[in-house]
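Following: one structure in structure tokens, then a few remarks.
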Amino acid sequence: MNIPSRLAIISALLLAVLLAVLLPAPSCSRTGDIPWAAPRGAAEAGIEEELTRLLDAYGSALVGKDRDAFLATIDPAAADFQAAQARFFDRVQQVPFADYRLRLDSVSDSGGQTVAKVSVSYTLENSFSTYTEPERAAFYVARTGDGLRLAGDATEAALGRQRNVHLEDFGRINFLEGGHSLVFFLDGDDAVARTARDRVDQAWPQLTAVLPGVELPKVPVWIYHDQQQIDAVYPGEWQDWVGGASRSYGGASGGEIILDAGTFTEIAAYDPDYNRKMIVHELTHVALFGVSSARAPPFLEEGLADYVAGFEVSPRLANIIAGGGDPVPSLRDLSRPGGFEVLLDDESAWLAYEVADTAVAYLEEKYGNEQVMALLREFRQRELDQLDQDQLVEEVFQSVLGIGWQEFEDGWRRYVLESR
Ligand SMILES: [Zn+2]
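According to our numbering, numbering within the sequence shown proceeds without interruption in unit steps and concludes at 979.
Written out as structure tokens, the structure reads:
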């Protein structure tokens, strides 16, 4: 399963912030000698440029692994903050940042202290060029004899919440590079990290065969030690999955896999193949982030993820169809956005994946993987279409496969009965 990204909302917010920061002041008509209604303070404009340079220096030092340059951006008088930042630098030392960006959103005065609100995002070497979802944070800023310096974490004071928790908050991050993955993990989780790296590499030929035309750089895999850590990093988002999930960066493409080493190790003891399938399933989701869209029938994404991973179908679905019934949820339900998000219990979840898996297997066998990809691309092309979802599905299936929904559903039913 993948976590729906909140990027749409966040980027809307960001855009608003950005527009406020970047657009020139509203140009009141300037005739004769009427002065600007609100003259821009020279000091404010100055501090923004200086601050931007400071934030750039912080990011570049992190990318360049230059500890001295990094700590030079911190106010030496703020001993606790200096120590916390030194620890942060040491813990992310192995992470191959390609870029680390702190974009200045605003500067304000809070109780006599200067506060800079920023949006933090990064890219990784050999991985997606899409930046990670920007995270908002805030710093206290102090003027020292050497210029501006970061002097403390102002996130809670300025944004009303603590800053987000990350893997490095639990310890030093270790790094393993596979042929097709970048694996990040804590001390003690080396075995899970190696397994994850190998599973991604082993799945690659099948992945690229099923998804022709999909270009994928190395996929980041973040391994948390246990469920508790994951709950701290993704509060409230993490109820539904067992062992792993994928997460989209938003943008045109890009995403990452997140694993829970504790659950992974537990499951490995009795069903190692579950872990393999889970990683390949999530890897397929990441590959589809660049192709799929909000309007693509979710059964296509889930079914493809299982198709690449390999799955077995139980006779349960065939029995329901042979009895003249319709599974709940139905294939139609699963063609609508959110179709997988309303599954009420394990039984309906199980059945939903069987429906998706057989529907995709049928499409793959009857029309081939180029056509399945063409379906996804057509849904993406028409993402902003105002049509009702059922109508959109009808039109896309007609235009790509030359058949309507009913014909597809009938063919799928026959396929399920024949594969018993
Ligand atoms: Zn999934």
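Cβ atoms here follow ideal geometry from the backbone N, Cα and C, with glycine treated the same way. These numbers come from a predicted model, not from an experiment.
Could you spell out where the alpha helix (DSSP H) holding residue i opens and where it closes?
i       : result
Pro-874 : 874 to 881
Glu-968 : 964 to 977
Pro-856 : Neither: Pro-856 is in no alpha helix (DSSP H) and is coded neither H nor E.
Gly-719 : From DSSP, Gly-719 is part of no alpha helix (DSSP H); its letter is neither H nor E.
Glu-841 : 831 to 847
Glu-937 : 928 to 940
Val-801 : Here Val-801 belongs to no alpha helix (DSSP H), and DSSP marks it neither H nor E.
Asp-790 : 786 to 792
Asp-522 : Outside the displayed span of the chain (560 to 979) sits residue 522, for which this structure offers no information.
Report yes if the C-beta distance between residue i and residue j is below 8 Å; otherwise report no.
i       : j       : result
Pro-874 : Arg-979 : yes
Leu-732 : Gln-653 : Looking at the sequence shown, residue 732 is not Leu but Ile. Contact: yes.
Ser-688 : Leu-741 : no
Lys-836 : Ala-868 : yes
Leu-766 : Leu-842 : yes
Ala-696 : Arg-722 : yes
Leu-709 : Tyr-833 : no
Leu-951 : Arg-854 : yes
Asp-712 : His-739 : no
Gly-810 : Asp-785 : no
Tyr-808 : Glu-692 : yes
Gln-644 : Pro-635 : no
Gly-704 : Glu-609 : no
Val-677 : Asp-668 : no
Val-674 : Tyr-699 : yes
Ala-864 : Leu-770 : no
Trp-971 : Ala-918 : yes
Phe-938 : Ser-852 : yes
Val-872 : Asp-905 : no
Leu-775 : Ala-881 : no
Val-839 : Val-773 : no
Val-792 : His-725 : yes
Ile-826 : Gly-795 : no
Gly-898 : Pro-857 : yes
Asp-729 : Leu-718 : Per the sequence shown, the amino acid found at residue 729 is Phe instead of Asp. Their beta carbons are not under 8 Å apart, which means Phe-729 does not touch Leu-718 by this criterion.
Ala-628 : Ala-638 : no
Glu-715 : Arg-650 : no
Gln-543 : Pro-896 : The first residue shown for the chain is 560 and the last is 979, placing residue 543 beyond what the model contains.
Is residue i helix, strand or coil by DSSP?
i       : result
Ser-807 : strand
Val-654 : coil
Arg-756 : helix
Ala-602 : Confidence is the limiting factor: at Ala-602 the pLDDT is only 42, short of 50, which leaves the residue's position unreliable, though a coordinate-based value still follows. Helix at Ala-602.
Val-751 : helix
Asn-733 : strand
Gln-945 : coil
Pro-563 : Because Pro-563 carries a pLDDT of 39, less than 50, the predicted location of this residue cannot be relied on, and no value is offered for it.
Ser-669 : strand
Ala-637 : coil
Val-724 : coil
Pro-583 : Because Pro-583 carries a pLDDT of 29, less than 50, the predicted location of this residue cannot be relied on, and the following value inherits that uncertainty. DSSP places Pro-583 in coil when its eight states are reduced to three.
Val-959 : helix
Pro-594 : Low confidence applies here, because Pro-594 scores a pLDDT of 30, under 50, leaving its location unreliable; read the following figure in that light. Residue state, collapsed to three classes: coil.
Ala-915 : helix
Val-674 : strand
Glu-923 : helix
Val-773 : coil
Pro-764 : helix
Asp-892 : helix
Glu-900 : coil
Gly-869 : coil
Leu-617 : First, the amino acid is wrong: residue 617 is Tyr here, not Leu. Three-state DSSP puts Tyr-617 in a helix.
Asp-885 : coil
Gly-821 : helix
Thr-611 : helix
Which residue comes first and which comes last in the beta strand (DSSP E) that contains residue i?
i       : result
Tyr-699 : 694 to 703
Pro-779 : 778 to 783
Glu-710 : Looking at the sequence provided, one finds Ala at residue 710 rather than Glu. Start and end: 706 to 712.
Leu-745 : Run containing Leu-745: none; DSSP gives neither H nor E here.
Looking at the strands, I want to know which residues DSSP matches up with residue i.
i       : result
Ser-680 : Arg-660
Glu-815 : Arg-806
For residue i and residue j, which I take to be in contact (beta-carbon distance under 8 Å), what is that distance rounded to the nearest angstrom?
i       : j       : result
Asp-819 : Tyr-783 : 6 Å
Thr-632 : Asp-658 : Not a contact, Cβ separation roughly 16 Å.
Leu-960 : Gln-930 : 6 Å
Tyr-912 : Glu-861 : 6 Å
Val-780 : Phe-743 : 7 Å
Between residue i and chain B, is there a C-beta pair that is closer than 8 Å?
i       : result
Trp-763 : The chain labelled as chain B is not found in the depicted structure, where only one protein chain is given.
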